[in-house]
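Per this note's numbering, the very first residue in the sequence shown carries number 420; after that it's consecutive. Below: the structure, in structure tokens.
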Amino acid sequence: MPLHVLTASSDHSVIAEWAGGKAENLHTLTTSGFHVPRWSVLGLDVFAEFCRGSGLDEHLARLLADGRHAQARQVAEDVAGLIEAAPLGARVTEAIALAYRQAGGGAVAVRSSGAEEDGTRHSFAGQFDSFLNVRGLDDVTAHVRRCWASGFSERSLRYRAQRRLPPGTGGVAVIVQRMVPAERSGVLFTADPTTGRTDRQLVSAVHGLGEGLVSGAVDADTVVLDAATGRPLTTVIGDKQERYDAGPGPGCRVSPVAAEDRARCALTPADLALLHETGRRITAHFGAPQDIEWAIAEGTLWILQSRPVTTPARAPEPEGELRIWDNSNIIESFGGVVSPLTFSFAADTYAKVYDGYARALGVRGEQLREVGEWTPHLLGYLHGRVYYNLLHWYRMVRLAPLYPLNRRVLEKSLGVAESISDETADALHPFTPRSGLRARLSQLVRTSVFTWRFLTVRKSVERFHRDFYRAYAIFNDVDYDSLPGDETYRRFRRLQRELIEKWGPMQALDATILLSVGLLALLTRSWLPDAPEWFTWAAAAPAGTVESAEPVRALRELAARARADPEILHLLEHTSDSAAHRALDEAGHTRFLAAVDAYIADYGYRSPDELKLEVPDLHENPAGLFTLLRDALRDPANEGARDRGCEADAYLDEHLHGPRRLLYERVRGKARAALADRERLRFCRTRAFGAAKRMLRALGRDLARTGAIDAWDDVFMLRLEEIKGAYEGMIVHTELRELAALRRRQLAADTALHAPSRFITHGAPYWSGNLERAGWAGGPAARSGARELRGTPCGPGVAEAAAVVTDHPHDIGGGVLVTYRTDPGWVAALPSAAALVIERGSPLTHVAVVARELGIPTVVQVKDATTEIRTGTRLRVDGAAGTVTVLTDPPDDGATPDRHDATPDRHDATPDRHGASAALNGPRTEAHP
420 MPLHVLTASS DHSVIAEWAG GKAENLHTLT TSGFHVPRWS VLGLDVFAEF
470 CRGSGLDEHL ARLLADGRHA QARQVAEDVA GLIEAAPLGA RVTEAIALAY
520 RQAGGGAVAV RSSGAEEDGT RHSFAGQFDS FLNVRGLDDV TAHVRRCWAS
570 GFSERSLRYR AQRRLPPGTG GVAVIVQRMV PAERSGVLFT ADPTTGRTDR
620 QLVSAVHGLG EGLVSGAVDA DTVVLDAATG RPLTTVIGDK QERYDAGPGP
670 GCRVSPVAAE DRARCALTPA DLALLHETGR RITAHFGAPQ DIEWAIAEGT
720 LWILQSRPVT TPARAPEPEG ELRIWDNSNI IESFGGVVSP LTFSFAADTY
770 AKVYDGYARA LGVRGEQLRE VGEWTPHLLG YLHGRVYYNL LHWYRMVRLA
820 PLYPLNRRVL EKSLGVAESI SDETADALHP FTPRSGLRAR LSQLVRTSVF
870 TWRFLTVRKS VERFHRDFYR AYAIFNDVDY DSLPGDETYR RFRRLQRELI
920 EKWGPMQALD ATILLSVGLL ALLTRSWLPD APEWFTWAAA APAGTVESAE
970 PVRALRELAA RARADPEILH LLEHTSDSAA HRALDEAGHT RFLAAVDAYI
1020 ADYGYRSPDE LKLEVPDLHE NPAGLFTLLR DALRDPANEG ARDRGCEADA
1070 YLDEHLHGPR RLLYERVRGK ARAALADRER LRFCRTRAFG AAKRMLRALG
1120 RDLARTGAID AWDDVFMLRL EEIKGAYEGM IVHTELRELA ALRRRQLAAD
1170 TALHAPSRFI THGAPYWSGN LERAGWAGGP AARSGARELR GTPCGPGVAE
1220 AAAVVTDHPH DIGGGVLVTY RTDPGWVAAL PSAAALVIER GSPLTHVAVV
1270 ARELGIPTVV QVKDATTEIR TGTRLRVDGA AGTVTVLTDP PDDGATPDRH
1320 DATPDRHDAT PDRHGASAAL NGPRTEAHP
């Protein structure tokens, strides 16, 4: 009996039996006169024949027998492996070839059509896979296998388990459908999917193919229509920065959308009228509201698929305080899973600093007490990750004048991808707003104080810098392990008072940066409207030497000394990082070791994850320095930094003159000086945290000696207030052991979760389903196959090289460094990078500032960079255009292990770097190292 390869001319009863739910709906649409691209279907019996002929039946039955959804991931991987490797057989091969011919050949979409898919009770929406722009019989065959495997994907198995459905799928049919060269595409809901209201239709639209909308990569236009008349009720214009189109090869080509097209709705009134009428007819034909995928090409509205709207009405949002959580920028300091001690110390520090900032601006009395209600909560700690409690940061910005301008610059400097609404922003205040004369006087005082601090900020920085290092020298020159624990604790409290709590007035520097860079951006937009996007950041780049770049220069000097001595060079290249220091000593290279020790003395606190208390710095474990040094030895290029300030000067000389140039330079000078001073203060912060790290680690060893905790690194599982409680007599020390064990287990579980970069909660964040709705889940994100990614231009220049996707800064070797986030400790690795691609962050992060000075092409805020790009992928990075183009895939496509699978901010494993204590996961250390 021949296998079923079905088309629009097939009898409906045969379609209903063999084609699956999605294909049955396509058949109904086609025979009812709607424009549907040419298609054919490999029936359910084709998959059944494949299973019988390859011997998969028994394997699948055994894998699915117990239905344990806790093992869904392993089952899915095993099934996919079996389907990928099993022989097709002659009959199945012929059926696939026939289906491809009947669809017209050329570029096609290959879509799964499950036996139970698109039903009225269970839609299985998004559970099975579809693939666009597949060309050639071999690729079609490979993607048919992937569609079959998607019927047993982890998400599909979990979907079935949640709805108490049996694990067997009933089979998967596969649609092969002619690609439509869509000019515009999207989704039409003929009832509101969130409320179930049938008097509304909801249309989402993008330019090009709908892949950008479905994947969430493109911010679409959304129009709500009156279901009866088709009249638009509300229209929200999405950003639509990119469009997806069929490329010359498999997958989609991503290209920018022109500014004028982004600013207006992708759909014309005629398009909306046609969609409304078509949606009304399809709803009437199926007798129920529909979720319709559509595309417009050459004036024709094509219907790609339709399914019932089965999404239940969304439950009302929980009552309680609205909070917006965002990890933009904060991941530069606290990436991935961090210990409870690191978070509680950071939160305590932020609270003290910004309370001091409010005092420095003249806030007093009841207003200061109100400020004290939110400054302790500037940060949040959710499943082991640190987030900004973002609305409080807007309150903090409002302490200074020019709030509308400063909040926009805050968003840009933090790298916040989504602005809050003006209505929400206007409702935020640092304290209860008053009216009348007292309110105006209070505002006048704050404005006057801020203006004075703004004008004298350089003197304040110099004074703080001098006083800081005088105090720091006292705290740094101590062996805390030799002191009694209570003495170390007393000095730690003193460090908080004398170093950290005095930082508050220095936050006027951040406000100065916001104001001066904001004004610079306004002047650039007004007077230099054609300036490239990177120009403002280059113009604001600090003049002269940036202190954050000093470790780079010092490392280059070390590398040059090593290259000048063949014996040292050979030793470094053939000795492990952990043994290098001892090997140099035994070989008698005392002068070179003195230079190494001098580097560690000067910059030992500047290391990857330097603000994480659980990660040792170079003072404690110098192996990390030899890792960076070896990388610098491999790539002596990039020695001469290109001066981006000179590039900005040249552009200004050509395009801006007279009084405007004088004013522009005055504002520019303020911005450049403020950014340079910020880098100096960030070095102070690094050293203050380094001193605190030494003290708290010593306290851990003291608590282990007394038996309060089992091992010294259990101290990282405690909160700062619990350590204080132990030494102040406010907590029974025997409680600490159980607390540490409990939190270690919890962090191990948290590590497996995928953490969203931004989400909202109402009321208590962990309650009422807040985090579940926010998308906290296990497992990595899937690739879309995009060949070009876009981000924020940060450092101009073009580079082509192989990608190195990594979560720690070494082994770059002249490649394009691709990472989810960076921290200041990465700067020493920059000289060996051809270009820098960062998924999160902003143009004002430390690494971005230093990369500009070093002349390294840099693009930040590149959405899904560490998902879409794999190590070995050859890239072209254009730092001026903000584009990252995939030139070629890794040689062994699909076999190269992905470096980013260990990236802590994406999948949140926290590796034990450079011999770090395994405080968060991994082997335990001894109580007395």
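Where a beta carbon is used, it is the ideal one built from N, C-alpha and C, also for glycine.
Pairwise C-alpha distance: residue j and residue i
i     : j     : result
R882  : W922  : 12 angstroms
A504  : A491  : 20 angstroms
H1181 : A1193 : 11 angstroms
R975  : A1051 : 7 angstroms
L425  : L461  : 7 angstroms
H1038 : R889  : 21 angstroms
P951  : L644  : 39 angstroms
L847  : R814  : 6 angstroms
E1147 : Y908  : 10 angstroms
S758  : F873  : 36 angstroms
V465  : L507  : 10 angstroms
T1302 : Y769  : 35 angstroms
T1105 : E1029 : 7 angstroms
L576  : A568  : 11 angstroms
A1346 : G1126 : The pLDDT assigned to A1346 is 33, lower than 50, so where the model puts this residue is not dependable; a value taken from the coordinates is nonetheless given after this. Looking at the two C-alpha atoms, the distance is approximately 10 angstroms.
Q493  : Q596  : 31 angstroms
S428  : G440  : 17 angstroms
S432  : I594  : 17 angstroms
D745  : S838  : 11 angstroms
V529  : V1281 : 28 angstroms
S861  : H884  : 30 angstroms
R699  : A646  : 8 angstroms
D1173 : L1190 : A small fix is needed here, since residue 1173 is His in this sequence, not Asp. Cα-Cα distance, rounded: 11 angstroms.
L810  : V790  : 13 angstroms
T512  : H423  : 13 angstroms
D430  : G472  : 27 angstroms
L1118 : S901  : 11 angstroms
Residue(s) in a DSSP beta bridge with residue i
i     : result
T1180 : R742
V625  : S604
A592  : S532
R804  : L801
S459  : T426 and V595
S945  : Its beta-bridge partners do not exist; DSSP assigns none.
L1257 : For the record, residue 1257 in the displayed sequence is Ile; it is not Leu. Beta-bridge pairing links I1257 to T1238.
P1262 : In DSSP, P1262 forms no bridge with anything.
S549  : R530
E1029 : For E1029, which the question treats as bridged, DSSP gives no partner whatsoever.
Contact under 8 angstroms by Cβ, residue i with residue j
i     : j     : result
D664  : S674  : yes
L914  : A766  : no
G463  : C470  : Going by the sequence as given, residue 463 is Leu instead of Gly. For L463 and C470, no; Cβs fall outside 8 angstroms.
L990  : A1006 : yes
G1291 : P1309 : yes
G631  : V622  : no
R1164 : L760  : no
D1169 : G803  : yes
G1210 : N748  : no
L1075 : L938  : no
S935  : A1095 : no
V1256 : A1220 : no
(message) Quick check on the DSSP output: what are the complete alpha helix (DSSP H) runs of length 4 or more inside the region 628 to 661, in order along the chain?
(response) Counting only unbroken stretches of 4 or more residues, the alpha helix (DSSP H) elements lying wholly within the region 628 to 661 are 630 to 633, in sequence order.
(request) Decide yes or no for the touch test of the region 939 to 957 against the region 1073 to 1087: beta carbon pairs closer than 8 angstroms, at least 3 of them. (result) yes
(request) Identify every run of the alpha helix (DSSP H) within the region 660 to 733, keeping only runs that are complete inside it and at least 4 residues long; order them along the chain. (result) 678 to 681 and 688 to 705
(request) Could you say if the region 1144 to 1157 and the region 703 to 716 meet the contact criterion of at least three C-beta pairs nearer than 8 angstroms? (result) no
(request) Answer yes if the region 1211 to 1225 comes into contact with the region 1296 to 1307, meaning at least three C-beta pairs across the two stretches below 8 angstroms, and no otherwise. (result) yes
(request) Check whether the region 916 to 930 touches the region 773 to 781, taking contact to mean three or more Cβ pairs, one atom from each stretch, closer than 8 angstroms. (result) yes
(message) Taking 8 angstroms as the cut-off, does the region 1129 to 1144 touch the region 777 to 793 (at least 3 CB pairs, one atom from each stretch)?
(response) No, the region 777 to 793 does not touch the region 1129 to 1144.
(request) May I ask you to verify whether the region 966 to 985 touches the region 1011 to 1031, counting CB pairs closer than 8 angstroms and requiring at least 3? (result) Yes: the two stretches touch, three or more of their Cβ pairs being nearer than 8 angstroms.
(message) Threshold first: 4 residues or longer. Then list the alpha helix (DSSP H) segments lying entirely within the region 1273 to 1314, N to C.
(response) Counting only runs of 4 or more, we get 1284 to 1287.
(message) Give the list of continuous alpha helix (DSSP H) stretches no shorter than 4 residues that lie fully inside the region 1104 to 1133.
(response) none
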